[in-house]
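Below is one structure; the comments refer to it alone.
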Amino acid sequence: MNVKEQNINLVVTGLLLAILMSAMDNTIVATAMGTIVSDLGGFDKFVWVTSAYMVAVMAGMPIFGKLSDMYGRKRFFIFGLLVFLIGSALCGLAQTIVQLSIFRAIQGIGGGALMPIAFTIVFDIFPPEKRGKMTGLLGAVFGTSSVLGPLLGAYITDYISWHWIFYVNIPLGLISMVLILRFYHESMGHAKQKIDWLGAVTLIISVVSLMFALELGGKEYAWDSIQIITLFGSFLLFIMVFFFAEVRAEEPILPLWLFKRRLFATSQILAFLYGGTFIILTVFIPIYVQAVYGGTAKNAGFILTPMMLGSVAGSAIGGIFSTKTSYRNLMVISIISYLVGMYLLGTMTVDTARWLLTIYMILVGFGVGFSFSLLPTASIHNLEPQFRGTANSTNSFLRSFGMTVGITIFGTIQNNVFSSQLKEAFKGMSGAGGQSFAIGDPREIFQASERVKIPSFVLDKIVAAMSTSITHTFLLALIPIALAAVTVVFMGKVRIEAAKEGSK
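Numbers 0 to 503, taken from numbering that gives the first Met the number 0, label the letters of the sequence shown in order.
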């Protein structure tokens with residue numbers, strides 16, 4: 000063990016703070032975006048505030064994971080933390096939306112190092128029999144951040160200032176930095192290796208191209224426009240060059256032989272599928288509460304609390320029992336709970352009681368929670384230390400990638416169903432009243448102050464259309480969850496064995 004027994008808790012505390020801070024950053028910003036745009040302007044460019052951060056994070060994850068394998072975890076974790084804090088401070092000082100987007104990209108570079116390296120440090124300092132519990136704890140913090148972010152963002156924006164959603168990172172980050180610098184002593188030897196520059200550059204270009212295509216397609220530009228086609232073409236070209244480079248590189252950014260290991264490959268597929276479906280819950284459930292039940296933005300945030308508690312319980316149970324049974328057995332429990340919960344969410348109507356929604360959220364949260372602790376652990380199962388950073392960062396990358404693809408695809412579906420439902424509901428009605436609601440922002444339309452001004456017969460149609468569009472999206476999410484169920488079958492009977500760490 001690389002860390003003295005009495006210092007381990009302090010190191011873990013530092014890691015937990017860093018994970019909470021970086022994982023929460025996107026959701027906390029999303030809550031405050033309306034206020035930020037009203038203050039800084041640039042409504043036509045606000046999408047870049049989120050896109051710049053996500054692009055930088057996703058591009059950086061595999062690269063920092065590999066570099067940490069080559070040169071050590073501590074230096075790149077501290078580097079990521081420092082860059083993240085500098086970016087946070089700059090974001091709080093931004094005077095225009097363009098400046099904020101640039102500073103968010105700086106934040107993202109740091110964020111790309113924090114999440115995967117934090118998980119990998121845990122694998123380095125704990126023996127196999129204790130990793131399950133610790134990754135369960137880290138996974139619970141990761142799941143909590145997706146729900147806590149909107150609540151904290153709403154509170155800070157309403158009662159302090161949107162600038163403080165960035166400044167709040169600084170004390171947390173400094174505490175984390177002090178704890179890691181002082182108490183984490185890395186003793187792993189690192190041999191100098193060649194850096195796969197061609198793989199790094201082509202990976203960044205391909206990820207950036209795909210992210211921009213997904214973010215801009217159907218919003219800024221039509222899906223069949225030359226701009227979007229060019230971005231997709233760029234992605235295909237550079238991803239092929241990337242794989243070509245990885246096959247021939249002496250020390251590839253992503254060793255493709257890892258995917259020959261069944262447990263590693265299935266864990267990556269599951270991370271992608273879980274990420275792509277869980278994100279729609281965190282986005283659409285608050286909208287459902289606000290639009291259908293008529294709740295406020297803060298109530299919409301608090302309504303996610305049952306899902307947070309479910310995910311924390313699932314993550315903890317998954318971690319604790321990972322030494323007692325196989326990954327597959329635990330993921331079967333996960334997928335059943337997730338599948339049933341998502342199906343029940345898809346059956347909701349405008350008359351569904353709030354307490355039923357709460358039960359459904361606990362079910363889906365419990366199911367997803369297992370993935371937060373089990374998939375990172377399964378990714379590095381029986382891997383030598385020099386490959387753990389790469390394996391873990393790949394898992395984090397694919398979960399984030401799944402979230403990006405998922406919210407793009409399912410967001411488009413929800414929007415199209417909502418529009419078609421409104422057109423059908425207001426067909427034959429005189430006037431353009433129905434049309435004006437179809438192109439409005441639901442978050443504005445369903446504010447309590449505006450809601451009372453809408454005639455009841457019109458409001459009922461809009462609420463029904465919103466309910467149908469969201470529940471339809473939940474039902475379609477059963478397709479990737481079913482694919483995840485098939486993938487779980489192929490995980491095999493592997494489990495954590497405390498007695499050995501040899502190669503499988």
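Note that CB positions come from ideal geometry on N, CA and C, so glycine has one too.
Check, Outcome
"Y220 - DSSP class collapsed to helix/strand/coil", "strand"
"Nearest candidate by alpha-carbon position, reference F371, set S333, F78, L355, Q106", "S333"
"Euclidean distance between Cα positions of S418 and A464", "8 angstroms"
"Host alpha helix (DSSP H) of M490 (start-end)", "No alpha helix (DSSP H) holds M490; DSSP gives it neither H nor E."
"For Q94, three-class secondary structure by DSSP", "coil"
"Of the listed residues D123, G59, M69, nearest to G109 (C-alpha basis)", "G59"
"Start and end residues, alpha helix (DSSP H) containing K460", "455-475"
"T348 (DSSP reduced to helix, strand or coil)", "coil"
"Option in I204, I252, V291, F369 with minimal Cα separation from M306", "F369"
"Validate contact between the region 110-117 and the region 78-91 using beta carbons, cut 8 angstroms, 3 pairs", "yes"
"Contacts around M402, its chain only, beta-carbon distance under 8 angstroms, and the 5 residues preceding and following it disregarded", "G274, G275, F277, I278"
"Proximity below 7 angstroms, CB of I27 to CB of V140", "no"
"Close Cβ partners of L15 (< 6 angstroms) along its chain, the five nearest in sequence each way excluded", "V140"
"Under the three-state DSSP convention, the category V200 falls into", "helix"
"Cβ shell of L482 (< 7 angstroms), same chain only, five flanking positions each side left out", "L272"
"At least three beta-carbon pairs within less than 8 angstroms, the region 337-345 to the region 470-477", "yes"
"Rounded C-alpha distance that separates D350 from Y220", "38 angstroms"
"Per-residue DSSP class, three states only, for I124", "helix"
"As assigned by DSSP and simplified to three states, the class of L19", "helix"
"V2 in three-state terms, based on DSSP", "Low per-residue confidence applies at V2: pLDDT is 48, beneath 50, and the placement is therefore not dependable, though the value from the model is reported in the following sentence. V2: coil per DSSP, three-state reduction."
"Host alpha helix (DSSP H) of P251 (start-end)", "Segment: none, P251 is in no alpha helix (DSSP H) and carries neither H nor E."
"Straight-line Cα distance separating I124 from Y183", "9 angstroms"
"S321 versus V311 - alpha carbon distance", "15 angstroms"
"Sub-7 angstroms separation of V269 and L338 beta-carbons", "Reading off the sequence shown, one finds Leu at residue 269, where the question assumed Val. In this structure, L338 does not lie closer than 7 angstroms to L269 by Cβ."
"Burial state of N391, where buried means 16 or more other Cβ atoms lie within 10 Å", "buried"
"Exposed unless 16 or more other CB atoms sit within 10 angstroms - verdict on I159", "exposed"
"Unbroken alpha helix (DSSP H) run spanning R260, endpoints", "It is not in any alpha helix (DSSP H) - R260 carries neither H nor E in the DSSP assignment."
"Reference L144; option with closest CA among F473, L308, T411, T376", "The amino acid occupying residue 144 in the given sequence is Ser; Leu does not appear at that position. It is L308."
"Straight-line gap, V404 to P127 (C-alpha atoms, nearest Å)", "33 angstroms"
"Straight-line Cα distance separating G64 from I105", "18 angstroms"
"At least three beta-carbon pairs within less than 8 angstroms, the region 88-107 to the region 228-247", "no"
"Cβ neighbour criterion (16 or more within 10 Å) applied to P61", "buried"
"Cβ-Cβ distance between A93 and F102 below 7 angstroms", "yes"
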